[in-house]
Amino acid sequence: MITRVVKQNENNIDSSVMAEAGRIIKDGGLVAFPTETVYGLGGDALNPESSKKIYAAKGRPSDNPLIVHIYRFEDLRRIVKNVPEKAQKIMDAFWPGPLTIVFEKTDEVPYETTGGLDTVAVRFPIHPTAMAFIEAAGGFVAAPSANLSGRPSPTLAEYVIEDMDSRIEMIIDGGDIPIGLESTIVDVTGEIPMILRPGFVTKEMLEEVVGEVSVDPTILDVNCTARPKAPGMRYRHYAPKADLMIVRGDEDRVADEIRRLLSAAKAEGKRTGVICTDETIGKFDADVVRSAGSRADMSSVGASLYRILREFDDENVEVAFSESFDGDGFCMAIMNRLVKAAGHRILEV
Ligand code: TXA
Ligand code: MG
Numbered sequence: 012m013i014t015r016v017v018k019q020n021e022n023n024i025d026s027s028v029m030a031e032a033g034r035i036i037k038d039g040g041l042v043a044f045p046t047e048t049v050y051g052l053g054g055d056a057l058n059p060e061s062s063k064k065i066y067a068a069k070g071r072p073s074d075n076p077l078i079v080h081i082y083r084f085e086d087l088r089r090i091v092k093n094v095p096e097k098a099q100k101i102m103d104a105f106w107p108g109p110l111t112i113v114f115e116k117t118d119e120v121p122y123e124t125t126g127g128l129d130t131v132a133v134r135f136p137i138h139p140t141a142m143a144f145i146e147a148a149g150g151f152v153a154a155p156s157a158n159l160s161g162r163p164s165p166t167l168a169e170y171v172i173e174d175m176d177s178r179i180e181m182i183i184d185g186g187d188i189p190i191g192l193e194s195t196i197v198d199v200t201g202e203i204p205m206i207l208r209p210g211f212v213t214k215e216m217l218e219e220v221v222g223e224v225s226v227d228p229t230i231l232d233v234n235c236t237a238r239p240k241a242p243g244m245r246y247r248h249y250a251p252k253a254d255l256m257i258v259r260g261d262e263d264r265v266a267d268e269i270r271r272l273l274s275a276a277k278a279e280g281k282r283t284g285v286i287c288t289d290e291t292i293g294k295f296d297a298d299v300v301r302s303a304g305s306r307a308d309m310s311s312v313g314a315s316l317y318r319i320l321r322e323f324d325d326e327n328v329e330v331a332f333s334e335s336f337d338g339d340g341f342c343m344a345i346m347n348r349l350v351k352a353a354g355h356r357i358l359e360v
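In terms of my numbering, the sequence shown has 97 at position 86, counting the first letter as 1, and numbering is strictly consecutive.
Pasting the structure below:
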């Protein structure tokens with residue numbers, strides 16, 4: 012299959028490109044598109060054959076459900092059985108935006124899309140290109156992140172091309188992605204809303220709107236062996252080729268320890284990498300040293316994390332060390348992805 016790559020400026024959307032992309036989806040094909048979180052790999056959410064194609068293109072296990080993307084509120088009722096009061100409050104506050112909500116599904120949503128579950132995860136993105144594309148595609152687009160299973164989610168069209176070239180009909184290149192980590196997922200089917208995957212919309216932000224919110228206990232506890240509620244969170248995602256370790260503790264001690272570990276790795280002839288911050292970048296000497304951004308602006312760290320992990324792969328880094336990003340708010344999402352990329356290896360100093 013030849014994959015067409017089309018550039019698209021979100022401030023000047025080309026309706027003929029959208030019509031063509033929409034046609035591909037309605038015909039059962041696949042199109043990758045930008046959203047505010049990461050690039051998505053879209054297919055018709057109500058067509059079981061399309062969902063099967065998505066799993067095949069990603070090399071993803073088919074028990075891992077897909078998120079259904081909509082572009083307007085009125086379409087929600089067709090795919091979800093009921094909208095609990097707290098869900099309504101959350102939607103009013105955060106949709107459109109980087110937040111996915113899990114509801115009970117209607118019969119219109121095929122089990123192929125939900126991985127056999129009776130619930131469906133719904134997202135209403137705010138990226139103008141995503142909205143125009145979903146509308147052109149008929150209103151219901153199933154889309155996981157547009158990476159091969161096990162690789163970091165793509166934050167640039169180049170990465171989508173790397174993973175999806177010749178596997179799908181079209182890639183809409185919308186340039187840089189602002190957030191860079193996947194949407195927050197919140198389950199509203201129980202009494203207390205539960206975060207299944209942390210993201211840009213934080214626990215604190217949700218609590219301001221609906222009161223108590225819980226977090227799936229498996230998310231940040233490194234030693235937790237219980238099964239996460241979002242099936243996708245069970246797989247080892249975001250795995251770089253390098254052995255990555257997080258070093259956590261006081262800033263100076265962390266820098267000293269990373270320097271010591273780098274010397275040891277170099278003595279073994281390994282290619283080394285470091286993930287640090289603008290504040291500490293001068294402290295390290297490795298083959299590839301990358302600042303994820305400034306500690307004064309955690310959103311910069313979230314936006315560059317996946318790009319750095321891909322760069323380590325491209326540079327054949329074998330052993331890498333990262334500073335830790337502990338704290339409230341968006342840090343929960345950053346650490347969740349980083350801890351997975353590190354295969355849960357954290358050194359406390
Ligand atoms: O930001 C995002 O959400 C991106 C963009 C493209 O919208 N999409 C994305 O999709 O990250 P994906 O497939 O990579 O991750 C979907 C996650 C998986 O962990 C999956 O298990 C979980 O959502 N999920 C989907 N449906 C679910 C459901 N009914 N109940 C619980 N978890 C669900
Ligand atoms: Mg994904």
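Ideal Cβ positions, reconstructed from N, Cα and C, are used throughout, including at glycine.
Check, Outcome
"Could you tell me if serine 274 is buried or exposed, where buried requires 16 or more neighbouring beta carbons within 10 angstroms of its beta carbon?", "exposed"
"Compute every distance between the C-beta of proline 165 and the non-hydrogen atoms of ligand 2, then say whether any falls below 6 Å.", "no"
"Curious, which full-length alpha helix (DSSP H) runs of at least 4 residues does the segment 75-119 contain?", "87-90 and 96-105"
"Can you check which of these residues, Ala104, Val171, Asp289 and Ser73, is closest to isoleucine 137 by C-alpha distance?", "Ala104"
"Taking Cβ to Cβ, would you say tyrosine 50 is nearer than 7 Å to alanine 147?", "no"
"In terms of DSSP beta bridges, what is serine 196 paired with?", "Note that residue 196 corresponds to isoleucine in the displayed sequence, not to serine. Answer by DSSP bridge pairing, in chain order: Thr111 and Arg208."
"Does the Cβ of glutamate 180 have 16 or more other Cβ atoms within 10 Å, making it buried, or fewer, making it exposed?", "buried"
"Is asparagine 75 near ligand 1, going by C-beta to nearest heavy atom under 6 Å?", "yes"
"Starting from phenylalanine 144, follow the alpha helix (DSSP H) in both directions and report where the run begins and ends.", "139-147"
"Measuring alpha carbon to alpha carbon, tell me which residue in Gly108, Pro107 and Glu123 is nearest proline 76.", "Glu123"
"How about proline 121 and proline 59: are their beta carbons less than 7 Å apart?", "yes"
"Examine chain C for any beta-carbon lying closer than 7 Å to the beta-carbon of leucine 41, and answer yes or no.", "No chain C is present in this structure, which holds just one protein chain."
"Between proline 139 and the rest of its own chain, which residues show a CB-CB distance below 7 Å, the 5 nearest in sequence each way excluded?", "Glu21 and Ile24"
"Does DSSP put glutamate 359 in a helix, a strand or coil?", "strand"
"With distances taken between CB atoms, is the gap from valine 265 to valine 360 smaller than 7 Å?", "yes"
"Three or more beta-carbon pairs under 8 Å between the segment 327-337 and the segment 199-216, yes or no?", "no"
"For the alpha helix (DSSP H) that isoleucine 345 lies in, which residues bound it at each end?", "342-352"
"Taking the Cβ atom as the reference point for each residue, do proline 7 and leucine 320 lie within a distance shorter than 7 Å?", "What is shown of the chain runs 12 to 360, which leaves residue 7 out entirely."
"Checking 7 Å against the spacing of the C-beta atoms, do valine 199 and isoleucine 112 come in under that value?", "yes"
"Return helix, strand or coil for lysine 64, following the three-state DSSP convention.", "helix"
"Look at the alpha carbon of methionine 216 and the alpha carbon of arginine 301, and state the distance between them as a whole number of angstroms.", "30 Å"
"Pairs of beta-carbons, one from the segment 34-53 and one from the segment 183-190, closer than 8 Å: are there three or more?", "yes"
"Near glycine 108, which residues of its chain fall below 6 Å by C-beta distance, leaving aside the five closest residues on each side in sequence?", "Ile137"
"What are the boundary residues of the beta strand (DSSP E) that includes alanine 253?", "Alanine 253 -> no beta strand (DSSP E), and no H or E assigned at all."
"Please report the straight-line C-alpha distance between glycine 54 and methionine 12, rounded to a whole angstrom.", "16 Å"
"Near isoleucine 81, which residues of its chain fall below 7 Å by C-beta distance, leaving aside the five closest residues on each side in sequence?", "Leu87, Val133, Phe135, Ile145, Gly150 and Phe151"
"Applying the criterion that 16 or more other CB atoms from any shown protein chain within 10 Å of the CB defines a buried residue, is glutamate 119 buried or exposed?", "exposed"
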